[in-house]
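Protein chains in written order, with my numbering: chain C, 634 to 1052; chain R, 2 to 141.
Some notes on the structure that comes next.
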Amino acid sequence: MSKRRILVLHLAFLVFTAIPPVVYADMCFECHSGWEDESGSPSASYESDVHFRAGLGCADCHGGNPELDDMDDVRRGRGYKGIPRPREIPGFCATCHNDPGYMIKHNPALPTDQLDKYKTSVHGKRLLEEGDEKAANCVSCHSVHNIERPQIPASTVYPLNLPEVCAGCHSDPEYMAGYGIPASQFDDYAESVHGHALLVEKDLGAPACNDCHGNHGATPPGVTSISAVCGLCHALISDEFAVSPHKAAFDEMGYPECEGCHSNHLVLEPELYWIGTSDSSLCVDCHSADDGTEGLAKAEKIHEIVLKLKKSYETAEAKVDESELKGMMVTDERFILKEITQAMIRTRTVIHSLDFEKVSEAAGEGLEKADQAYRAATTKVEEYYFRRKGLGIATLIITILVIALYLRIRSIDKSHPLR
Amino acid sequence: MSWLLRAGATGLLGSILYPVYKFVIPPLTGEANLSQLKLPFKSSELREDKASSRIFKFGRELGIIVITPQNEVKAFSALCTHLDCTVQYRKDLETIWCACHNGQYDLEGRNISGPPPRPLEQYDVHISAETDEIFVSKKT
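This is how it looks when you write it as structure tokens:
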């Protein structure tokens, strides 16, 4: 090959590689940007969608040739899917999300079993098996063209937003009519300790709907799995319940475990009157004095010792507050109060074992600390009054001395007037 | 003479009233913040501990000191960053664990599981080679 030909080939190669690739406009995006119907412009909202940022265009999901600017040509083109019906949506999304080979290129950490789980959910069964198009599909929770990762606050499935999304259907009595479940779950949840922690305190560690029901495989926990679900966070309580006489009895009766006393969505701060033998106690719902168990006797004993611990704490705290208001340093006493709080938490935990010895031991630690805090705070209050009396007496003495000195000087002046 | 007596009386009055005033009005500055502490047990005692950890009082808070599987001594605030429960060392899991809501931290204090929103505050640990005493201080 001559040098001239080699030079020409080199130049041709350089020119060819320097030409930028042909960039065609995404005609779907261009045309649909002009829409301003009730649902807004799909293109406008899609610009904030996680898929848009990953480089996916409209045609990657809806099919069709994005280079064509005539809708009829697009519809007639190969691979055009258009707008899927609700029952088609799970399969539509799963085209990519159920394909590990494809997903690993975009988000290797994202699971690819969403469709399999969805098929096991109440929503999935209703939609895919019974054809009920009112049942939730992917877009019911994730939105349509502004989908965001769940960790992002703008996402519809961000923990703080999720309960409202579920409530969109589940709190609508008209929509939920015919399904045989109440529409009060969100209101109950919002009033519960969990709802308060998440929605008011913004505690992202508090459970949203999906933490108990699952997300793609959403279904009510079974009777025997409730304690396992609650035990994800309340691990020690779950362990104590598992060794209690209630565990076997509840299983035998088919009685829901934690839910039996604490309810499901309306989980409230436990009250002392729940345990005991009064008419408002939960124990009397199942137990009676002649039921052949020692249930009520034990409940009464537990009630008494926990009540004693509560009152002791309140008394000690009041004395520490009094001492602090009088200007005394109460760092140590506040520390002891924290130790009592820990003992109260331990006591509340072991109550679930129904073992009075365990309850008594945990409460005993708290009672001992409460006594210690009360005595220390009382000493400080007495010290305050001692200082106050001392100051008064000292002031009186000094005042008398001053007056005496003044009178003495005056008498000296009178008896020996200066001339 | 009378002005001297009046000045003296005023001074005396002031010296009486000033402490009264200071006693009634609380100090503007808070309590001294404890930043360093000698623990009430020695390193050898900690190493003999079956739990490989101990809880200690650090000012008005609690701390936890741990012997890691790598034989390092590490100390952290023992207050769970979720709801202030006292954490404990789980030797079997090699984690610091909060029993209240199953929160877990690794042995760097990082929140790795459960509801805790933040890591535990880690303290500096110094062990005297001569006396075997343990000194814990807040990181600056």
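Every residue, glycine too, gets a C-beta built ideally from N, C-alpha and C.
Here the structure is a predicted model, which means the values were calculated and not measured.
Within 10 angstroms of its Cβ, does Asn103 of chain R collect 16 or more other Cβ (buried), or is it exposed? buried
Reducing DSSP to helix, strand and coil, say where Ser871 of chain C ends up. helix
Please confirm whether Arg55 of chain R has its beta-carbon closer than 8 Å to some beta-carbon of chain D. Protein chains in the displayed structure are C and R, and chain D is not among them.
Check each residue of the segment 77-110 of chain R: if its Cβ is closer than 7 Å to any Cβ of chain C, include it; give the result in chain order. Of all residues in the segment 77-110 of chain R, the ones placed with a Cβ closer than 7 Å to any Cβ belonging to chain C are His83, Cys86, Thr87, Ala100, Cys101, His102 and Asn103, in chain order.
Leaving out the 5 sequence neighbours to the left and right, which residues in its chain are closer than 7 Å to Val790 of chain C when beta-carbon positions are compared? Cys774, His775, Pro783 and Val798
Tell me which residues share the same chain as Glu902 of chain C and place their Cβ nearer than 7 Å to its Cβ, disregarding the 5 neighbours each side in the sequence. Val826
Tell me where the beta strand (DSSP E) around Ser78 of chain R begins and ends. Val74 to Ser78
Are at least three pairs of beta-carbons, each pair with one atom in the segment 695-703 of chain C and one in the segment 754-763 of chain C, less than 8 Å apart? No, the segment 695-703 of chain C does not touch the segment 754-763 of chain C.
Supposed close pair Phe57 of chain R, Leu40 of chain R - CB separation, criterion 8 Å: 5 Å
If you check the beta carbons only, do Asp133 of chain R and Ser53 of chain R fall under 8 Å apart? Result no, Cβ atoms of Asp133 of chain R and Ser53 of chain R do not sit closer than 8 Å.
Helix, strand or coil at Tyr657 of chain C [DSSP, three-state]: Only weak support is given to the placement of Tyr657 of chain C: the predicted model assigns it a pLDDT of 48, under 50, and the question is left unresolved by the model.
Is the shortest distance between the beta-carbon of Phe968 of chain C and the beta-carbons of chain R less than 8 Å? yes
Applying the 10 Å Cβ sphere with the 16-neighbour rule, what's the burial state of Thr11 of chain R? exposed
Do you know how far the Cα of Lys75 of chain R is from the Cα of Phe42 of chain R? C-alpha separation (whole angstroms): 15 Å.
Collapsed DSSP secondary structure at Asn112 of chain R in the structure displayed: strand
Val683 of chain C to Ile785 of chain C, Cα distance in whole Å? 11 Å
Does the beta-carbon of His778 of chain C have 16 or more other beta-carbons within 10 angstroms, so that it is buried, or is it exposed? buried
When you compare the CB of Lys1022 of chain C with every CB in chain R, is at least one pair closer than 8 Å? It does not; no Cβ of chain R falls within 8 Å.
For Val862 of chain C, name the three-state secondary structure that DSSP assigns. helix
Following the continuous beta strand (DSSP E) through Ala127 of chain R, name the residue where it begins and the one where it ends. The question names Ala, but residue 127 of chain R is His in the sequence shown. Start and end: Gln123 to Ile128.
DSSP state of Gly997 of chain C mapped onto helix, strand, coil: helix
Out of C:Phe725, C:Arg720 and C:Glu892, state which residue places its alpha-carbon closest to the alpha-carbon of Gly712 of chain C. The residue with the shortest Cα to Cα distance from Gly712 of chain C is C:Phe725.
Using a Cβ-Cβ cutoff of less than 7 Å, which residues in the same chain neighbour Val992 of chain C once the five nearest sequence positions on both sides are dropped? Only Ile935, Ile938, Thr980, Val983 and Ile984 meet the Cβ criterion.
Quick one: what's Lys139 of chain R bridged to in DSSP? R:Tyr124
DSSP three-state assignment for Glu596 of chain C, whether helix, strand or coil: This structure cannot settle anything about residue 596 of chain C, because the visible part of chain C is limited to 634 through 1052.
Which whole runs of the alpha helix (DSSP H) in the segment 44-100 of chain R are 4 residues long or more, in chain order? 44-49
Is it right to say His127 of chain R is buried, meaning 16 or more other beta carbons lie within 10 angstroms of its own, or is it exposed? By the 16-neighbour rule on beta-carbons within 10 angstroms, His127 of chain R is exposed.
Beta carbon of Ala1003 of chain C nearer than 8 Å to that of Ile973 of chain C: yes
If we ignore side chains and look at the alpha-carbon of each, how far apart do Pro719 of chain C and Asp872 of chain C end up? 43 Å
Report the start-end ranges of each alpha helix (DSSP H) in the segment 661-741 of chain C that is 4 residues or longer and not cut off at the edges. Restricted to the segment 661-741 of chain C, the alpha helix (DSSP H) segments that are unbroken, complete and at least 4 residues in length are 675-679, 683-686, 691-695, 704-709, 722-730 and 733-739, listed in chain order.
Any Cβ of chain C within less than 8 Å of the Cβ of Ile135 of chain R? Interface flag for Ile135 of chain R against chain C is unset, since no Cβ pair is found closer than 8 Å.
Length at least 4, wholly inside the segment 899-971 of chain C: the alpha helix (DSSP H) runs in chain order: 928-958
Close Cβ partners of Glu721 of chain C (< 7 Å) along its chain, the five nearest in sequence each way excluded: none
How would you call Gly913 of chain C, buried or exposed, if buried means at least 16 neighbouring beta carbons within 10 angstroms? Correcting the residue type first, residue 913 of chain C is Ser in the shown sequence and not Gly. So Ser913 of chain C ends up on the exposed side.
With 16 other CB atoms within 10 Å as the buried threshold, where does Ile68 of chain R fall? So Ile68 of chain R counts as buried.
Which of the three DSSP states, helix, strand or coil, is assigned to Tyr822 of chain C? Tyr822 of chain C falls in the helix class under three-state DSSP.
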